[in-house]
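S.K.: Quick note: to get the working numbering, add 53 to the position in the sequence shown (first position is 1). We put the beta carbon where it would ideally sit given N, CA and C, even for glycine.
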Amino acid sequence: MSKEKRKSVGSFSDILGELRTRAEILDLIESDPHYIEWRGFSREDQESILLFLEGKQSLQILSDKFFRHVFKPDDYPERIESLVSAILGEPVKIVQILSREGTAITESGSQVIMDIIVKTSTGAIVNVEMQRIGYYFPGERSGCYTADMIMRQYGKCRSEKGDKFSYRDLKPVTLIVLMEKSSNEFADVEPEYIHKKITNYSSGAVVTVLENVVYVSLDTFKKQMHNKINNELDAWLAFFTFEQPEEIMKLVQAYPKFIELYRDIADFRKSPGEVIGMFSEALRIMDRNTTKYMIEDMKRQYDDAKARYDDVKSQYDDVKSQYDDVKSQYDDVKSQYDDVKAQLEESQRENAELKAMLAEINSKQ
54 MSKEKRKSVG SFSDILGELR TRAEILDLIE SDPHYIEWRG FSREDQESIL
104 LFLEGKQSLQ ILSDKFFRHV FKPDDYPERI ESLVSAILGE PVKIVQILSR
154 EGTAITESGS QVIMDIIVKT STGAIVNVEM QRIGYYFPGE RSGCYTADMI
204 MRQYGKCRSE KGDKFSYRDL KPVTLIVLME KSSNEFADVE PEYIHKKITN
254 YSSGAVVTVL ENVVYVSLDT FKKQMHNKIN NELDAWLAFF TFEQPEEIMK
304 LVQAYPKFIE LYRDIADFRK SPGEVIGMFS EALRIMDRNT TKYMIEDMKR
354 QYDDAKARYD DVKSQYDDVK SQYDDVKSQY DDVKSQYDDV KAQLEESQRE
404 NAELKAMLAE INSKQ
């Protein structure tokens, strides 16, 4: 995983480098042009950055630049190979890193942190995304995204092969989405955190499918794993979620190849201003997307509540209609009953009067 040898790991400082004092770090921050942005951070965010710059913990910086520095897809394609192979459960050899330029499917204020598109030795295309918050309508979005990837491949194949083109020339495309915070569709199926699309036919017919999608719920994984690293997939997902020294030491002891990735993260300790700048940019995107997410979530909850209300109201209206019918019948029957009762009472009164008269006549004889 590394192209140069470095000293072995005996302590956390062997990974992130020697400790620096907080006073030293604060002096560097206060003299940096990004100091104004730093002052706008919450105390919790400031503390996380300071602990990282001091060398006391790692920092999961939510920035495409950060991830591209760590993965270095052009220099270290084996890192992406290892990640994709672990997620797909089969060996993957990457032969080309593809440009993202010209991508038709884009979102304003993207929630995508990392977006790396690669071509494997089999010709298949794999797109790896890291999302801060899982998108709404993930199935619809991924369907559009994979369809776009297939059509771009189709256009290129037709252009290159001309009359010799065959649909067999088309290779599968795979979209892998790692979500730091899962959308509701995936949160509802905890404790499952790997979600692979499976396509089959009721008849059992075997038909080639070009589009493949895998979602990974990092938040669910973090709840379930309890620091147990059982395989390489666990190791990669732990890498995306671990920050504390004891967690990281456990990971690198089980999988030493992650040492170099953490040392690449440690490179950012040399540039506090760059860390603050990236963190500030990530927070702006997060705030914008979180607000949008909250609005959309509130609207979804409102729509769900309104649908339930409409359903209950419909049931109420049906029951009320039945109640009104029954009440009308009851009122009719009660009216008849009251009439009969009145007639009976009148008859009883008349009968009593007749009995009295008869008794009086009998007494005079």
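Assuming contact is defined by CB atoms lying nearer than 8 Å, are Val179 and Ile247 in contact in what I supplied?
M.R.: Not in contact: Val179 and Ile247 (Cβ atoms no closer than 8 Å).
S.K.: Do the region 226–242 and the region 191–211 make contact, defined as three or more Cβ pairs closer than 8 Å?
M.R.: In short, these stretches touch, since the Cβ pair count reaches three.
S.K.: List in chain order: all unbroken beta strand (DSSP E) runs of 3+ residues lying wholly within the region 223–284.
M.R.: Those beta strand (DSSP E) runs which fall completely within the region 223–284 and span 3+ residues are 226–234, 247–249, 264–270.
S.K.: Between the alpha carbons of Glu90 and Glu134, how many angstroms are there, rounded?
M.R.: Answer to the nearest angstrom: the Cα atoms are 37 Å apart.
S.K.: What are the boundary residues of the alpha helix (DSSP H) that includes Arg185?
M.R.: No alpha helix (DSSP H) contains Arg185, which is instead part of the beta strand (DSSP E) from 178–186.
S.K.: May I have the straight-line CA-CA distance separating Arg316 from Pro126, to the nearest angstrom?
M.R.: Arg316 and Pro126: Cα-Cα distance of roughly 16 Å.
S.K.: With Leu151 and Lys172 assumed to form a contact (beta carbons below 8 Å), what rounded beta-carbon distance in angstroms separates them?
M.R.: Indeed they touch by this definition, with Cβ atoms about 6 Å apart.
S.K.: Less than 8 Å between the CB atoms is what I'm expecting for Ile78 and Ile329, so what's the real figure, rounded?
M.R.: Not confirmed; about 11 Å, so no contact.
S.K.: Does the beta-carbon distance from Gly326 to His87 come in below 8 Å?
M.R.: The answer is yes: Cβ separation under 8 Å.
S.K.: Taking three-plus beta-carbon pairs below 8 Å as touching, is the region 94–113 in contact with the region 307–314?
M.R.: Output reads no: the region 307–314 does not touch the region 94–113.
S.K.: Measuring only the C-alpha atoms, how far is Asp20 from Asp216?
M.R.: Because the chain spans 54 through 418 in this model, residue 20 falls outside it and cannot be assessed.
S.K.: Put Gln382 into one of helix, strand or coil per three-state DSSP.
M.R.: Three-state DSSP puts Gln382 in a helix.
S.K.: Are at least three pairs of beta-carbons, each pair with one atom in the region 232–249 and one in the region 260–272, less than 8 Å apart?
M.R.: At 8 Å Cβ cutoff, the stretches touch.
S.K.: Please report the residue range of the beta strand (DSSP E) in which Val148 lies.
M.R.: Looking at the DSSP string, the run of the beta strand (DSSP E) that includes Val148 is 147–151.
S.K.: Pick from Phe218, Lys209, Leu136, Arg211: whose alpha carbon is nearest that of Glu182?
M.R.: Selected option, being the one with the closest Cα: Leu136.
S.K.: Is the beta carbon of Thr273 closer than 8 Å to that of Ser235?
M.R.: Yes, the pair counts as a contact, with Cβ atoms nearer than the cut-off.
S.K.: Would you kindly check if the distance between the Cβ of Ile147 and the Cβ of Gln319 is under 8 Å?
M.R.: For the record, residue 319 in the displayed sequence is Ala; it is not Gln. No.
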